[in-house]
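The sequence shown begins at 1 in full-length UniProt numbering and counts up one residue at a time.
Note that beta-carbon positions come from the ideal geometry of N, C-alpha and C, so glycine has one too.
Treat the numbers as computed from the prediction; the structure is a model and nothing was measured.
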Amino acid sequence: MSMAVKKDLSYVVDKVRSGERLTLEDGMILYESPDLLTIAQLANEANLKRNGNKVYFIQNMYINPTNVCEAKCSFCGFRRDPGAEGAYTMSPEEVLTYVKERYTEGIQEFHIVGGHNHTVPFDYYLETISILKKNYPQVRIKAYTGAEIEFFARITGWSMEKVLQELIKAGLDTLPGGGAEILTERYRLKMSPDKASTDQWLEAHEIAHSLGLKTHATMLYGSIETLEERLTHMIRVRELQDKTDGYLVFIPLAMQPRSKTASIKRRTSAMDDMKTIAISRLMLDNFPHIKAYFINIGTQLAQLSLHYGASDLHGTLVEERISHAAGALTQTALTIDELVWLIQGANRIAVERDTFYNEIKVYE
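This is the structure we're talking about:
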């Protein structure tokens with residue numbers, strides 16, 4: 001076959017089935033193909049080979065200690081300037097009170113994400129996690145994105161390694177996947193110019209992995225990025241995973257419009273959501289899990305995605321604010337019962353997990 005002949009989907013299907021790694025060009029063939037069901041079948045096979053029929057979820061609680069942020073990312077509805085209407089910063093004691101009022105037995109993880117608040121010292125960030133660790137030693141603390149690690153290095157004048165070492169001492173267990181957005185400089189200069197560069201975000205995770213932390217990776221898709229840029233993003237995290245094997249899961253996040261009343265044309269389509277989950281599974285052959293984030297795509301599509309390569313439905317959350325500040329129309333939380341119902345409804349086995357995918361309970 002001459003290289004001039006456009007490769008079709010069967011070429012990619014053969015590559016996947018023979019265990020060959022996909023290239024950016026292969027990813028483009030998948031994105032450009034209208035044959036969603038073949039792509040789904042391929043991703044489903046790849047997932048079943050890796051995870052069997054099990055689909056994971058966690059009992060977790062979201063905590064957003066502050067919405068004050070020095071960065072002005074164009075997609076964010078959550079951030080506020082210091083002193084602006086609606087701006088808040090909870091003290092470590094207030095964070096503890098917030099948790100005490102909402103905590104239920106069985107919560108495995110506190111997921112902490114907030115603004116890059118430059119009006120408080122780095123100690124504030126350390127105390128926020130150490131007070132939780134002291135009061136809830138059994139709960140894992142998933143806090144501060146790779147972009148926040150770079151921000152902390154800037155405000156302290158320390159290396160990212162020292163910042164991470166101090167956070168680990170205070171009780172940090174894992175980094176969330178946020179702050180990645182799209183890992184190309186064209187995108188970041190337009191959408192998040194005040195935040196860590198592509199290389200800095202990846203470096204923060206590489207250092208975290210070298211210090212023994214397992215971490216998460218996200219991709220915020222559905223705005224100005226090209227399909228090539230989405231695939232470049234996947235390839236960048238795949239290359240780091242080859243090197244460190246430190247990532248637990250990849251989480252494609254559908255961009256939310258800035259307003260709840262936005263036209264459906266401002267939201268990602270179901271086709272794009274399903275295709276992106278499936279393509280993530282096929283491109284990221286070295287990631288254990290792909291997560292379907294019901295907060296952004298809704299519970300119906302999240303359930304469907306379990307046949308499109310996803311093996312994780314995230315968690316109970318308790319109260320999600322960031323996507324909802326940006327116009328998400330979905331539920332802010334789900335009960336265990338509802339998560340199990342969604343998973344079993346997709347003919348999968350529901351498994352409650354901890355942060356590191358250790359099984360806590362299998363729902364037969």
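If we call anything under 8 Å between Cβ atoms a contact, is residue i one with residue j?
| i | j | result |
| --- | --- | --- |
| ASP132 | PHE110 | The question names Asp, yet the displayed sequence has Leu at residue 132. Yes, these two residues count as a Cβ contact at 8 Å. |
| GLY171 | HIS205 | no |
| MET219 | MET283 | no |
| VAL237 | ALA254 | no |
| ILE277 | SER323 | no |
| VAL351 | VAL139 | no |
| LEU306 | ILE360 | no |
| ILE58 | THR330 | no |
| THR145 | GLY115 | no |
| ARG102 | VAL249 | no |
| CYS73 | MET191 | yes |
| ASN117 | THR156 | no |
| ARG258 | GLY327 | yes |
| THR316 | THR335 | yes |
| PHE75 | SER223 | yes |
| ASN44 | ILE349 | no |
| LEU175 | LEU211 | no |
| PHE122 | ALA325 | no |
| ARG188 | SER197 | yes |
Strictly by DSSP, which residues pair up with residue i?
| i | result |
| --- | --- |
| ARG140 | GLU109 |
| GLY315 | ILE58 |
| TYR363 | ALA350 |
| ARG80 | VAL68 |
| ILE29 | Answer is none; ILE29 lacks a bridge partner. |
| ILE235 | The partner list for ILE235 (beta bridge, DSSP) is empty, contrary to what the question assumes. |
| ILE63 | ILE112 |
| THR89 | THR66 |
What residue range is occupied by the uninterrupted alpha helix (DSSP H) comprising residue i?
| i | result |
| --- | --- |
| residue 365 | Shown here, the chain extends from 1 to 364; a query on residue 365 therefore has no answer. |
| VAL163 | 160-170 |
| SER280 | 270-283 |
| PHE287 | Neither: PHE287 is in no alpha helix (DSSP H) and is coded neither H nor E. |
| ILE322 | 322-325 |
| SER10 | 9-17 |
| ILE39 | 36-51 |
| ILE264 | No alpha helix (DSSP H) contains ILE264, which DSSP labels as neither H nor E. |
| TYR124 | 122-135 |
| LYS100 | 92-102 |
| GLU150 | 146-156 |
| ALA292 | Where ALA292 is concerned, there is no enclosing alpha helix (DSSP H), given that its DSSP letter is neither H nor E. |
| LEU339 | 336-345 |
List the whole-angstrom C-beta distance separating residue i from residue j, where the pair is believed to meet the contact cut-off of C-beta under 8 Å.
| i | j | result |
| --- | --- | --- |
| MET160 | ILE149 | 5 Å |
| ASP273 | ILE297 | 5 Å |
| LYS275 | ILE39 | 6 Å |
| GLU279 | TYR11 | The question names Glu, but residue 279 in the sequence shown is Ile. Their Cβ separation, rounded to whole angstroms, is 15 Å, which puts ILE279 and TYR11 out of contact at 8 Å. |
| ASP194 | ALA71 | 4 Å |
| LEU22 | VAL16 | 7 Å |
| TYR357 | PRO288 | 7 Å |
| THR232 | LEU24 | 7 Å |
| ILE129 | MET61 | The pair is not a contact, with the Cβ atoms about 14 Å apart (cut-off 8 Å). |
| LEU9 | ILE29 | 6 Å |
| PRO65 | ILE141 | With a Cβ gap of about 12 Å, PRO65 and ILE141 do not count as contacting. |
| GLY309 | ALA46 | 6 Å |
| ALA143 | TRP201 | At roughly 16 Å, the Cβ-Cβ gap does not stay under 8 Å, so ALA143 and TRP201 are not in contact. |
| ASN135 | LEU96 | 6 Å |
| LEU227 | GLU166 | Not confirmed; about 40 Å, so no contact. |
Just reading off the beta strand (DSSP E) that residue i is part of, what are its end residues?
| i | result |
| --- | --- |
| MET219 | 214-221 |
| ALA353 | A small correction: the amino acid at residue 353 is Arg; Ala does not occupy that position in the sequence shown. ARG353 -> beta strand (DSSP E) spans 349-353. |
Is residue i close to the ligand FAD? I mean its beta-carbon at under 7 Å from any heavy atom of the ligand.
| i | result |
| --- | --- |
| SER10 | As far as ligands go, the structure on display features none, and thus does not contain the ligand FAD. |
### Task
At 3 residues or longer, and completely inside the region 174-233: list those beta strand (DSSP E) runs for me, N to C.
When DSSP assignments are scanned along the region 174-233, the uninterrupted stretches of beta strand (DSSP E) that are 3 or more residues long and fall wholly within it turn out to be 214-221.
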